[in-house]
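Taken in sequence, the protein lines are chains F and U. Residues 377 to 848 in our numbering are what the first sequence spells out, letter by letter. Residues 870 to 1100 in our numbering are what the second sequence spells out, letter by letter.
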Amino acid sequence: MTLKPTNLRTRLTLWYVGVLALLLIVYATVVLAFQYGVLTHQLYHDEVQDVVTVEGLLYFGELGELQLQQNYYSRPQSHLLVDRLMEVRDLSGKVLYRSSTLHDMTLGGPLREGEGDAGFDERLVRLSDGSHAFVVSHIHTMQGRTVVIRLGYDLGPLRDRMIQFFLMLLIAIPLALALAAVAGQSIAKRALQPLEQMTSRAERITSSNLGDRLDIANERDELGNMARVFNLLLERLEQAFRQLQRFTADASHELRTPLAAIRTISEVALAKSTNAEVYREALSNVLEESGRLNQTVDSLLSLARAESTPPGDAQPGFILRELIGEVIALLEVLGEERSVRIVEEHPELAVVEVHADRSLVRVALMNVLHNALKLSPTESTVTIAFERSSTSCLQIAIQDQGPGIAHGEHSKVFDRFYTSCDRATAGTSGVGLGLAIAKLVIERAGGRIRFDEDFQQGAKCLIDLPVSVGFD
Amino acid sequence: MPSTASKVLIIEDDRKMSDALVSGIRSAGYEVLAASTAEEGFFLVHSGQPDLLLLDLTLPHRNGLDVLRQIRKEGIDIRVLILTSHNTVDDRVEGLRSGADDYLGKPFSFPELLARMDALLRRFLPPTPPASLKVGDLSLDPKNRMAYRAGEPLDLTPREFDLLLYLAENGGRTVSREMLAKDVWRETSRFTPIDNVIDVQVARLRRKIDDPFNVKLLQTVRGLGFSLREP
């Protein structure tokens, strides 16, 4: 069975404690080793000094036995050295002196080859009672005789101290870790608190209070940044949602108007008379209204279709020139009727490939050109000018000499169900979705559509379309 | 002009729609059977032996397409025209793949339904384009694409001629704007600009063929469309 805490806070704490434990163990090991090294070095240093001191105190007595000057013990600094172990041998290996602390045990056994020749030899020696001693040997010549002085200290106290230190660490480390865990847990809790707040806040956001936002404690930290991004997402969602709501309301309104007309016409006709001519008239009106209803539904479906089309670059390409030609051929007759000429400028620039849903782009261009023709006065000109704005973009400018667009309405004309309040154009407007569809389609194809606000002699619609190079 | 009282079966669950269709199609000279469920319709297909089936796709209990597949599986010789409000390209393709002969989206115009029914039933006969069409003193020569009124040739654009020919071919019956958009302009969907174009084009045609004469042949039927006939 694996234990894997799902709680982020616990996981963070566990990681934290784990890393800390590893660090403490490495640290303790290094400190122990260093401490041992320092103490051993100190011991060696003391022993060398002792040897030098002892050399000055040793003398051969009258019977030829080796003696240590007794006044040595009266020196205050020497009292620390009572646990000193010392053995002196001559070169033949005979023990000349052995300190009482050794209790007749040998300090390192027989002489070794060249022992003490090269200054102060250091080595670890095991005594016969099982204790260990750190020993230095040194050759010394006095009163014409050469002796080897071995001087050492019992390592017992040093090792005891090391073990004490180790035990202390053994207790202190878990204690420190426990403390760290508690601290870590609370730090993690505090760090994650904004997240918890955001979660509970986000949980409370539904379609009815989409306007609510997450609180941002500190915009520059990671959580603050997350909250900011999340708020932007909410913003976009809210916009889309509001748009949809407004659209649904508008659509039902637009559908209700012809429905109301149908109802009233029928009711009035039924109540008024039994005259077949009246009925005929009423039914014709009903049919016309139902036609309007049908057109609105068709336009709404086109919008829905345009909204669900994949972006332009995923679509097969078509030649723009051919499409424009078709649109002009179809709508030309509307202009001819009122002597409105359609003039193309630089049509050769339109011989380029466009990647988009061909039938939708066709509807879009048709809507824009239809608008221009509809609003053109008699004996005027509609100009369709092509211009290569960059290597990958073609601008189509469709310009009429009609009443133009009122100030401040240049972007509103693309709103769904927008109908101008200007009386000159109100009578000729259709369902009010033509330009909305055009905008959606052009933007889906990666392009842009807008009316030139600086153009005063009519309306000038600018369509930027991404095009493929080549095709000459 | 139905062939000697062809028999039409309507499977449609909406009663008002069904009643209207029955009465309209009957007055167009057909013998009509009606069913409101798939089972009933299926029974009538076997017992009544209709020539043409008008099939609604959204039926209670059983999908219209199932009925269609069953009919095709049994190899029954019958023309099938689907009437449905499911009107996307995919729906059409699926309907035609399942063995339908034609597909008409709701809401449709009644003249168009009649025209399509005629076309489907005409498929039994070898198509012979008439050498000339006559409506009153207007005559059309489809082969040379020429039109004459009172013996005088009319100066028509190709589109105007197509429009006139289509109206004449429908033999005095009303054609709707939907039919014109589809069959003369070859537009797959209908939208505001095309309606305007049709109206303008009809007005121009009327100026050429009717304005100089006393007898007006090109009639506007309000709410329905246009027809070419002697008043």
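Ideal Cβ placement from N, Cα and C applies to all residues, glycine included. Everything numeric in this text was worked out from a predicted model, so none of it was measured.
Close-in-space but distant-in-sequence residues of the same chain around residue i (CB under 6 Å, 5 per side omitted)
{"i": "F:L725", "result": "F762 and R764"}
{"i": "U:S905", "result": "D882"}
{"i": "U:A897", "result": "L983"}
{"i": "F:I638", "result": "V662 and E665"}
{"i": "F:R734", "result": "F694"}
{"i": "F:R668", "result": "P634"}
{"i": "F:L388", "result": "A564"}
{"i": "F:L741", "result": "V703"}
{"i": "F:R474", "result": "E463"}
{"i": "F:S678", "result": "I813"}
{"i": "U:L1087", "result": "R1075, D1079 and L1097"}
C-beta contact flag for residue i and residue j at 9 Å
{"i": "F:F510", "j": "F:E423", "result": "yes"}
{"i": "F:V402", "j": "F:D466", "result": "no"}
{"i": "F:V817", "j": "F:L736", "result": "yes"}
{"i": "U:L1036", "j": "U:L1097", "result": "yes"}
{"i": "F:N670", "j": "U:P976", "result": "yes"}
{"i": "F:L434", "j": "F:L444", "result": "yes"}
{"i": "F:L545", "j": "F:L408", "result": "yes"}
{"i": "U:G822", "j": "U:R1046", "result": "Nothing can be reported for residue 822 of chain U, as the shown portion of chain U is limited to 870 through 1100."}
{"i": "F:E630", "j": "F:T672", "result": "yes"}
{"i": "F:T757", "j": "F:V719", "result": "yes"}
{"i": "F:G371", "j": "F:L483", "result": "Outside the shown range of chain F (377 to 848) lies residue 371 of chain F, about which nothing can therefore be said."}
{"i": "U:G964", "j": "U:L926", "result": "yes"}
{"i": "U:P980", "j": "U:T1043", "result": "yes"}
{"i": "F:R826", "j": "F:L838", "result": "yes"}
{"i": "F:L534", "j": "F:L415", "result": "yes"}
{"i": "U:W1054", "j": "F:L620", "result": "no"}
{"i": "F:M462", "j": "F:R526", "result": "yes"}
{"i": "F:P842", "j": "F:S768", "result": "yes"}
{"i": "F:V687", "j": "F:G822", "result": "The residue you asked about is not Val; residue 687 of chain F is Pro in the sequence shown. Result yes, Cβ atoms of F:P687 and F:G822 sit closer than 9 Å."}
{"i": "F:S752", "j": "F:V709", "result": "no"}
{"i": "U:L924", "j": "U:I880", "result": "yes"}
{"i": "U:V1071", "j": "F:E713", "result": "no"}
{"i": "F:A647", "j": "F:L659", "result": "no"}
Element boundaries [beta strand (DSSP E), containing residue i]
{"i": "U:L923", "result": "L921 to D925"}
{"i": "F:H508", "result": "H508 to M518"}
{"i": "F:M462", "result": "R460 to D466"}
{"i": "U:T953", "result": "R948 to T953"}
{"i": "F:F765", "result": "Residue identity differs from the one stated: residue 765 of chain F is Ser in this sequence, not Phe. Unbroken beta strand (DSSP E) run through F:S765: T757 to S766."}
{"i": "U:D971", "result": "D971 to G974"}
{"i": "U:S892", "result": "Premise fails: U:S892 lies in the alpha helix (DSSP H), R884 to S896, not in any beta strand (DSSP E)."}
{"i": "F:K836", "result": "K836 to P842"}
{"i": "F:D497", "result": "D497 to R502"}
{"i": "F:L741", "result": "Looking at the DSSP string, F:L741 is not in any beta strand (DSSP E); the run it does join, the alpha helix (DSSP H), is R734 to L751."}
{"i": "F:Q771", "result": "C769 to Q775"}
Same chain, Cβ closer than 7 Å to residue i, neighbours up to 5 away in sequence not counted
{"i": "U:P929", "result": "D882 and T906"}
{"i": "F:L571", "result": "L599"}
{"i": "U:A1050", "result": "E1056, R1059, I1063 and I1067"}
{"i": "U:G917", "result": "K876, L878 and L902"}
{"i": "F:I515", "result": "G492, D493, T522 and V524"}
{"i": "F:T650", "result": "none"}
{"i": "F:R385", "result": "Q561, A564, K565 and L568"}
{"i": "U:L1034", "result": "L1009 and P1011"}
{"i": "U:D1052", "result": "Y1035"}
{"i": "F:D459", "result": "T477, Y529 and D530"}
{"i": "F:Y412", "result": "M538"}
Close beta carbons around residue i, own chain, < 8 Å, minus the five adjacent residues each side
{"i": "U:R985", "result": "L950, D971 and L973"}
{"i": "U:V914", "result": "L878, L922, I940, I945 and I947"}
{"i": "F:E595", "result": "N601 and R604"}
{"i": "U:P1022", "result": "M1015 and A1016"}
Limits of the unbroken alpha helix (DSSP H) element including residue i
{"i": "F:Q615", "result": "E598 to K648"}
{"i": "F:I563", "result": "G532 to R580"}
{"i": "F:G432", "result": "L384 to L433"}
{"i": "U:F911", "result": "A907 to G917"}
Does the contact criterion of 3 or more C-beta pairs under 8 Å hold for the stretch 725-739 of chain F versus the stretch 684-699 of chain F? yes
Let me know the beta strand (DSSP E) ranges lying completely inside the stretch 983-1028 of chain U, each 3 residues or longer, listed in chain order. 1002-1004, 1007-1010 and 1015-1018
So, does the stretch 403-412 of chain F touch the stretch 470-488 of chain F, judging by three or more C-beta pairs under 8 Å? Judged by pairs of C-beta atoms under 8 Å, the stretch 403-412 of chain F does not touch the stretch 470-488 of chain F, as fewer than three such pairs exist.
Pair every Cβ in the stretch 830-843 of chain F with every Cβ in the stretch 769-776 of chain F, then say whether three or more of these pairs are closer than 8 Å. Enough Cβ pairs lie closer than 8 Å, so yes.
Using a Cβ distance threshold of 8 Å, determine whether the stretch 1015-1024 of chain U contacts the stretch 1000-1007 of chain U, with at least three qualifying pairs required. yes
Entirely enclosed alpha helix (DSSP H) segments - the stretch 645-701 of chain F, minimum 4 residues: Within the stretch 645-701 of chain F, the complete alpha helix (DSSP H) runs of at least 4 residues are 652-684.
Runs of beta strand (DSSP E) wholly within the stretch 1033-1097 of chain U (minimum 3 residues, chain order): 1087-1090 and 1094-1097
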